[in-house]
Each structure stands twice: as structure tokens, then as C-alpha cells.
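Residue numbers (the working numbering), protein chains in the order written: chain R, 596 to 708; chain W, 256 to 371. Cβ coordinates follow ideal geometry from the N, Cα and C atoms, glycine included. Treat the numbers as computed from the prediction; the structure is a model and nothing was measured.
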Amino acid sequence: AQSVTQPDIHITVSEGASLELRCNYSYGATPYLFWYVQSPGQGLQLLLKYFSGDTLVQGIKGFEAEFKRSQSSFNLRKPSVHWSDAAEYFCAVVLYNTDKLIFGTGTRLQVFP
Amino acid sequence: GAGVSQSPSNKVTEKGKDVELRCDPISGHTALYWYRQRLGQGLEFLIYFQGNSAPDKSGLPSDRFSAERTGESVSTLTIQRTQQEDSAVYLCASSPEGTGLRDEQYFGPGTRLTVT
Numbered sequence: 596a597q598s599v600t601q602p603d604i605h606i607t608v609s610e611g612a613s614l615e616l617r618c619n620y621s622y623g624a625t626p627y628l629f630w631y632v633q634s635p636g637q638g639l640q641l642l643l644k645y646f647s648g649d650t651l652v653q654g655i656k657g658f659e660a661e662f663k664r665s666q667s668s669f670n671l672r673k674p675s676v677h678w679s680d681a682a683e684y685f686c687a688v689v690l691y692n693t694d695k696l697i698f699g700t701g702t703r704l705q706v707f708p
Numbered sequence: 256g257a258g259v260s261q262s263p264s265n266k267v268t269e270k271g272k273d274v275e276l277r278c279d280p281i282s283g284h285t286a287l288y289w290y291r292q293r294l295g296q297g298l299e300f301l302i303y304f305q306g307n308s309a310p311d312k313s314g315l316p317s318d319r320f321s322a323e324r325t326g327e328s329v330s331t332l333t334i335q336r337t338q339q340e341d342s343a344v345y346l347c348a349s350s351p352e353g354t355g356l357r358d359e360q361y362f363g364p365g366t367r368l369t370v371t
């Protein structure tokens, strides 16, 4: 079945530490890939997206993600986490020629001072 | 400018009652989406409106769920005879064009529905 998997339900890091959130998809073709962040009490906000071209994409708030076709992955990274990054992060895909975002189940990030 | 707004922000209702949830998209956005987010789960697509085209209702979980949109403005999601499993946060999003391929979806803050 076609799906998006975020294997880590909850991640805790110290402020200033590096971060990597995992996302894997299972589709026959390369989908279009997104990362959204949902902060407490706020709507989802797009961090970055990948359609084609350079497999390393830069987003807002210092985040980046790398598309690896061989691993069907699109992991989100940040070199140094800030306390304000504590939120829920969702990976999402859109299959070519459809209009639907398919979301993973999310990873909750907790940041300790 | 104003973002996507939703009302009410919270709704508590008794099992069996009908509820209406409202979404005001960003002005000029032709596409509007409804999602459901159950506790501890990802977003589940419900329905999609694009301009004057017939809506994509493929994500609606049952015939108790329906949605309408007036032109390219306000949308209302109606849940009839609510059940406890309907408890969730209902999110609305809009985008300038009709596809998530190219356009960011802008999300509202959601309506938290609790069915007792």
C-alpha cells in the first residue's frame, strides 16, 4: 500500500544539538515531498518542499531536507536546534497528477535547555 | 494579510447531535481542503474544492459527513449524528491554485471537536 512513514513518534534533544527527523515513502514513482511543522496552538506551516532537481533543499527556520531515491527517504535536518523548534513535524507527499496531500503520523520534537 | 480562519476553535457536543464547522480561506485562493487529525495521528484528507469543479469527496469517512463551499469563499463542514469517534481536530487549508503539486497549502488553526 502507498504510504508515508515517520518511524519516530517522539524525539527529545538538547538545545544546540543537531536534529534529524526521518521520513520514508512507499510509492512506485517519485512523489512530491513536503515537511510541515505544527506548533502548539498554531496551524501547520510549510518548512520546505521537493519537486525535482537538487536533492538537498533548504527551508525556513534553518531546516533542510535531503531526498534519497535509493532509500525512498526525505529526512529533515537542522544543525543546531533552538527551544522554539519544539513542535510536531509532519512529512507529506503528493502523488503526481493528484491533488491530495498524504501525511505521515508526525514526530513530536521536545527540546531541553 | 489575513490567513485561513476557522470557527469555532473548540466545540463540545453530545453524541447524536449535528455540528457545523466553518472555514474562511485566504481571499483569492481557489482551492480549499478539509482534513481530520485524530489524537496522535497524522492528517486525514476529507474533501477538496477547486473553483467551480465538483468537489473531491473521496476522503469523507461516511455519509454523515458533508461539506459545502460558496463560490471561492467560505466552506462549511457538517457532521450529522455525531459519534465519539468523530472527536478530532478538523483542519482547513487553502491554496492559490488547484493542486498541491506546486502550491503551498495554508492551514487554519483548526476546530477541536469533542463528542461526549
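**Report entry** C-alpha distance - R:G654 paired with W:D279, whole-angstrom precision
**Finding:** For the purposes of this step, residue 654 of chain R is identified with residue 59 of the first sequence, where counting begins at 1. For the purposes of this step, residue 279 of chain W is identified with residue 24 of the second sequence, where counting begins at 1. For R:G654 and W:D279, the distance between alpha carbons rounds to 27 Å.
Query raised in the report: In terms of alpha-carbon separation, which member of R:F662, R:A681, R:S668, R:F707 lies closest to R:P602?
Result: Counting from one through the first sequence, the residue named residue 602 of chain R turns up at place 7. Per the Cα distances, R:S668.
Query raised in the report: Who are the neighbours of R:K695 on chain W, taking C-beta pairs under 9 Å?
Result: Here the question's residue 695 of chain R lines up with position 100 in the first sequence. Simply Y288, F300, Y303, D311, S313, G314, G355.
Report task. Write down every uninterrupted run of the beta strand (DSSP E) in the segment 659-685 of chain R whose length is 3 residues or greater and which is fully enclosed by it, in chain order. Result -> 659-663, 668-673
Report task. State the DSSP-derived secondary structure class of W:Q339, mapped to helix, strand or coil. Result -> Locating residue 339 of chain W in the second sequence gives position 84, counting from the first residue. Residue state, collapsed to three classes: helix.
Report task. State buried or exposed for R:I604, treating a residue as buried only when at least 16 other CB atoms are found within 10 Å of its CB. Result -> Indexing the first sequence from 1 puts residue 604 of chain R at position 9. When all chains shown are included, R:I604 counts as exposed.
Query raised in the report: With 8 Å set as the bound, which would you pick, yes or no: does the beta-carbon of R:G699 sit closer than that to a beta-carbon of chain W?
Result: Here residue 699 of chain R refers to the residue found at position 104 when the first sequence is read from its first residue. Closer than 8 Å to some Cβ of chain W, the Cβ of R:G699 qualifies, so yes.
Query raised in the report: Should R:F685 be flagged as near chain W, meaning a C-beta pair shorter than 8 Å?
Result: Along the first sequence, read from residue 1 onward, the residue named residue 685 of chain R stands at position 90. Chain W contact via Cβ: present.
Requested in this report: May I have the straight-line CA-CA distance separating W:K266 from W:L315, to the nearest angstrom?
Outcome: Counting from one through the second sequence, the residue named residue 266 of chain W turns up at place 11. Counting from one through the second sequence, the residue named residue 315 of chain W turns up at place 60. Spanning the two alpha carbons is a distance of roughly 20 Å.
Query raised in the report: Exposed or buried, what is W:G271 when buried is set at 16 or more other beta-carbons lying within 10 Å of its beta-carbon?
Result: Reading the second sequence from its first residue, position 16 is the one you call residue 271 of chain W. W:G271 is exposed by the Cβ-count criterion.
Query raised in the report: How many whole angstroms separate the CB atoms of W:G376 and W:A348, which I take to be in contact at a CB cut-off of 8 Å?
Result: Residue 376 of chain W lies beyond the stretch modelled for chain W, which goes from 256 to 371, so this question has no answer here.
Query raised in the report: Are any of the Cβ atoms in chain R nearer than 8 Å to that of W:Q196?
Result: Here chain W comprises residues numbered 256 to 371, so residue 196 of chain W is not present and cannot be evaluated.
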